[in-house]
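Chemist:
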Amino acid sequence: MADHLPPVLLEACVVLGASSDKLSEVYQAINNNGSTEHLLLEPEVLHVLAPPFVSRPPAESEAARSHGKRRRSFLRKKREHPPPAAATSIQADGSEDVSVPKDIDLMALPQLCFPGGLQVTNEEKDEQFHFLVFTDVFGNKTHGVVMQCYRPILVEGTSVFKNGAGSFKFSKLFSAYGFCVISKYPYFTALKDCLSCLLIQLRTCRLSDMEERVKEFAAKLALVPIPPPGQLHLMFTLCPLTIVLPSREDEDHPVIDLDLHLPFFCFRPQQLLQGLSCLLQEQRVVLFSADWARLTLVAESFLLFLQPLSWQQPYVPVLARGMLDFLMAPTAFLMGCHLSHFEEVATETDDLVLINIDNGSVSTSCSETLDLPEIPPAAADCFTQRCQTLQIHFDLYHCHHGSCTDISEQRAQRRAWQHNLNLDIQRITLELIVNIFRDVSSHLNYEHRVFNSEEFLKTREPSEQLFYKQVLETHIFHFFLKDRLNRKMDNFARMELSTRSEMQSELIQLLGKAIFSVQKENSMLLARFYYLRGFINTLCCRRLDALGDFQNLYKTDTAIFPTQLVTWLVDSLHRDERQQADKRPELKRLILKVKTENDKLSVQPDDHVKKFELPRKHLHQEEFVRCVQECGIVKDVATIHRLFDALTNGQPKQVEPELFRVFYTFWKETEAEAQDFNLPSEVIDHLDNSECVYKLSSCVKTSLGVGKIAMTQKRLILLTVGRQGFLEITKFRDIQEVKIASASFLLVRIPSLHIKTSGRVEVFEANLKTETELWNLVVKEMWAGRKMADQHKDPQYMTEALTNVLLMDAVMGCLQTQRSILAASKLAYFDKIKHEVPMMVPKTTSETLKHKINPSLDLAEPQTVHVLLYTPGQLTSNGSKSEMNPKLWVALSGGKVVVFDAASWSMRQDCIQVGASQLNCMLGLVQEQVWIGSQDSVIYIIDTHSMSCNKQLTEHRHEVTGLTVDLRDQHNSQQTYSCSCDGTILQWDTASLKVKRQLHLSCDRLSSIQIYDGTLWCCCGDCIVELKKSGTPQRRIALPDDVRSVPSSFSSFIIIPERGQLWTGCADSGELCLWHTNNHRRPSKRISLPGSSGVTCMIRVKDQIWVGCRGRSGIGGQCDGQLRSQVLVMDAESHTVAKELQAHSDSIQTLCSAEDRYVLSGSARRDGKIAIWKVE
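Sequence positions in the sequence shown follow the working numbering and run 33 to 1208.
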């Protein structure tokens, strides 16, 4: 029933002191030697008073006694230690049987009430108070206030509490008694006031009445209820004082009934911050003071300063002399000791933070200074400035008031001042915590209850990293995170929100000024300002203002238009807001557009984030591919298929989860070993900067000595044993032969590996024993990859070969069967290609080919290269040197654009997404823009500075197929044209991005346009059309009659105005047609293209025509690695094929020229690479 009663102030009142027999012995001893110096007695519990104060029948009392053994009742202690007949305790015959509340440990209480020991003195000393906090194993706290007072020792062994008759007299000795009032609530000031009132009564009452006064005192406190959370405080009178119990702010906040400004008297702000930093990092902290009362008050204040973070570690603010061994605990803690133990603790313990309250210092047991990460400077500086505004001196604050003649009025004034000061201090310390952890909420995933600590740490300053790394691992921060993920609306959340709102209002004003200042100057910057202001208006629930900003953004820059956010805004409009929006035409159009676009979205992207987990069921090939890609082993699908075949060698075509786990473990271990190879400095000096050791053999005997064979991505080396040295075995490109042999040793044949190298007569031999077969596969694969890379001028082959080798190693490690080498051999892709397909590249191709690059390097599968665009370097660029370099723009499948630095042919931009459809054409403009025409009828504009698609032109209604600009005057903004497949041609003003003129050409399909000498030429399906200035056809060149008889169409054309020539190619014809522009009835000449089944693209470079062809089905076969298509270089004067270049295993899709120095060719997805050719 007691659990359902309203909470009351008193939990128990305990009287402590020395037992009567001990006092009698002390009295006799002192009479004999006459000295009380250093005389300390063992304190005991003399009496316990706890509600309810009721008497029990004898039978009930006996039952209670047996039950009370678990609750450590005072009676049990007295039964175990019966006093002599002359000594009378509070528990006399016929008195109540009172059980001690279960939360109170009477065993430790005497030491804590007399932490310095119980003293016997020759004179009566002043009363002293101190404060206690008890914490149980569940973290529940109980609080105590202790009053120590001195009373004379009574002769004849009678104690101060005596119910029976007897004679006694006062001695000249005084003994300390303790009165401890215990409560579940931290009413330190109120309970101290209560004990002060009791002290007055004890001074004036007779000794025979003292017990009754204590009982009456305890009974009164047991009737005082605890005020509920809120603004209602409780006041009661305990003569002569009126005592106030302040209420809690709410259920989640503790009672605050102490002076929070006391630490500001003891420490400067810098030391306060050091102490708080130690607690946030959960260090082992010990407080010291010569005044026991200060220990708990300062410790409690420190913990309140951390709110809403809650200390989760052991907490003992007062340690008695016999409890100093607690400081040896290995965990974090907060404890308090008497200052007299400072040197002892500092000498005998390690890694403690020592805070001296009396002199305001913070040090460690190893050093006089504190070598721990400090609170971030911005938060610390703000706290220091705020501390300077605190009015912590009551007398200074109150000096202009008159003197109070009423103690109650004076106490009320002091309470009001203290309450306001406590609020100020709480506000300052809360602001400190908010400033430290303000950005935590930005890195929370509330749905999956995840805190992205790595991303959070990336946003911290380098000098703050160590502090946050320490704090993020603590229990105190973990519980704080729980509250944030639960979206708890506590003071922290409220202050963070309120300070954010103030900042937001100021930011909206600043953005308004910025928008006005750049209105007509910088459209890109203007769009960003609209975006930011719209976002901030959204946070401030100004929905209509936000929609207005996003409407302006849509007109300025659609690429950063937040469709989902605007959709949410539209759906969240209240009825009156929707009515206001409908009255504003621009908002009405925006709402209609958003609704229309949402209706078009049939498939939503899969944008969820998940954590990789090892599979728990058998994996078929498709699931295996997904799982390998998710765990980051390799992306290439073809390689993963070969890995699947290797792991399922001779088994059903599925991979068991345990096998995948073992394989994954081996891969990760191999990966880690490759990064952690500890090589001697002599070896490192011989390696290139980018060279790493990826595989290391056991210690073996070789023809060069005993040692370990190490494999890098370039060569094999021998790390000799003993005097560690470096011997190069061979570079992979120098290998001539690799084979397995055997070496004789006594009567045993030991498997060995033989490697023959060009330039060396001796064959390298290594007795690799059981490792021989694997090293044979590894070396052959790296050798084949090197040869492919050198012959095709494509370094990616070497990277792929290295990946294959590492996969072989992992497969061997996880299978460990007789068939494991056979399984690993399935990954030897390049060695297989070397044997199945001739690797020799024609001499002309090898001499002309400069380099090959792979734009699909970071993608799972090769992508078709649809369009290539070279843009010259910007010599007047204000950016970095790399910004001045020329660029190669590559349009891949699915609207992806990849950008390369054309000076180094290294990838600059991973991927710019422009829509989701195929891209058909690209054009570079001097206004530092790249225009891209798409199948989705949109022209996307990429800003070459920001490398982002920041504008769209949506005037076309069908697939955009061509873009061109008049190169005679690049600054003429009137001469840029685009076309779409339906025959629409638009002339653009590139400065305003407005259509200046629209033409329409009747044709089956308009596939491209070019401008020569100000005249537009159009490539239609069955004809090439020259347009007049007015837009009407001036000349029409039709397909030849024999070509017209089969399904075919013009695919590309070249105009040579100075010669009056027109070169055309057809998609399904293996020849070029040469026309004279003044005779367009039939071609003057036809040029057969060897090995070609159709022309896909053409460009003019100097006096050459470069032609991209589609190979015939019979040329090159069907195997991977075969050359299926070619680039033909035509001599424009002799009309003959000057060169046949073979570098792609799929049809050529696009050609472009790099300042007439290089020609670049891109192929379809089976090859998906770009070849860079030298122009002679």
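Note that the Cβ used here is the ideal one computed from N, Cα and C, for glycine as well.
1. Is the beta carbon of H988 less than 8 Å from the beta carbon of S1024?
2. Using alpha carbons as the reference points, say which of T570, Q612, A1070 lies closest to Q596.
3. Taking only beta-carbon positions, decide if A1170 is within less than 8 Å of chain C.
4. Starting from the Cα of Q1136, find the closest Cα among V1159, G737, F483 and give me that residue.
5. Between T789 and D766, which are expected to be in contact by the criterion C-beta below 8 Å, what is the C-beta distance as a whole number of angstroms?
6. For the region 882-901 and the region 919-930, state whether three or more C-beta atom pairs, one from each stretch, are separated by less than 8 Å.
7. Apart from the five residues on each side of it in sequence, which residues of its chain come closer than 8 Å, Cβ to Cβ, to S321?
8. Tell me G176's beta-bridge partners as DSSP assigns them.
9. May I ask you to list the residues that DSSP assigns as paired with V318?
10. At which residues does the beta strand (DSSP E) containing G905 begin and terminate?
11. Do you know whose CA, among D1163, V287, S397, lies nearest R316's CA?
12. Let me know the secondary structure DSSP gives C45 once reduced to three states.
13. Let me know the secondary structure DSSP gives T1128 once reduced to three states.
14. Assuming Q458 is part of the alpha helix (DSSP H), what are its boundary residues?
15. Please report the straight-line C-alpha distance between E248 and F211, rounded to a whole angstrom.
16. Answer with buried or exposed for N910, where buried requires no fewer than 16 other C-beta atoms within 10 angstroms of its C-beta.
17. DSSP state of C572, grouped into three classes?
18. Span of the beta strand (DSSP E) holding L728?
19. Expressed to the nearest angstrom, what Euclidean distance is found between the alpha-carbon atoms of T1064 and T1047?
20. Please go through the same chain and pick out, in chain order, the residues whose beta-carbon is closer than 7 Å to the beta-carbon of D1045, but skip the five residues on each side of it.
21. Quick check on R648: buried or exposed, where buried means 16 or more other Cβ atoms within 10 Å of its Cβ?
22. Taking C-beta to C-beta, are F512 and L384 nearer than 8 Å?
23. What is the DSSP secondary structure of L227, reduced to helix, strand or coil?
24. Does the count of Cβ pairs from the region 511-528 and the region 420-428 closer than 8 Å reach three?
25. Going along the chain, which residues of its own chain have a beta-carbon closer than 7 Å to the beta-carbon of K1206, five neighbours each way excluded?
26. Where does L72 sit, in a helix, a strand or coil, going by DSSP?
27. What do you get for C419, buried or exposed, if any count of 16 or more other CB atoms within 10 angstroms of its CB means buried?
28. Whole beta strand (DSSP E) runs in the region 298-355 with 3 or more residues, listed along the chain?
29. Within the same chain, show all residues whose beta-carbon is closer than 6 Å to that of I32, passing over the 5 residues directly before and after it, in chain order.
30. Would you please state the rounded distance, in angstroms, between the beta carbons of L785 and W815? I believe it to be under 8 Å.
31. Report all residues from its chain with a CB closer than 6 Å to the CB of D125; omit the five preceding and five following residues, and keep chain order.
32. Under the assumption that M535 contacts D589 (Cβ atoms under 8 Å), give the Cβ distance between them as a whole number of angstroms.
33. Please report the residue range of the alpha helix (DSSP H) in which H425 lies.
34. Could you pull out every residue in the same chain whose Cβ sits closer than 7 Å to the Cβ of G171, ignoring the five residues on either side in sequence?
35. Less than 8 Å between the C-beta atoms of P349 and T363, yes or no?
36. Per DSSP, G22 forms a beta bridge with which residues?
Modeler: With the structure as the only source:
1. no
2. T570
3. The question asks about chain C, but that chain is absent: this structure has only one protein chain.
4. V1159
5. 5 Å
6. yes
7. L327, V330, G368, H370, L371, N388, I389, D390
8. L164, I214
9. M367, L386
10. Where G905 is concerned, there is no enclosing beta strand (DSSP E), given that its DSSP letter is neither H nor E.
11. S397
12. strand
13. strand
14. 439-469
15. 14 Å
16. With a pLDDT of only 49 at N910, under the threshold of 50, the placement of this residue in the model should not be trusted; the figure read from the coordinates follows. Classification for N910: exposed.
17. coil
18. 725-734
19. 11 Å
20. P1089
21. exposed
22. no
23. helix
24. no
25. T880, K882, Y1190
26. strand
27. buried
28. 316-321
29. No statement about residue 32 is possible, as the shown extent of the chain runs from 33 to 1208 and does not include it.
30. Actually they do not touch by this definition, with Cβ atoms about 12 Å apart.
31. The pLDDT assigned to D125 is 37, lower than 50, so where the model puts this residue is not dependable, and the model offers no usable value.
32. That pair is no contact at about 25 Å.
33. Premise fails: H425 is in no alpha helix (DSSP H) and is neither H nor E.
34. none
35. no
36. There is no way to answer for residue 22, as the model of the chain reaches only from 33 to 1208.
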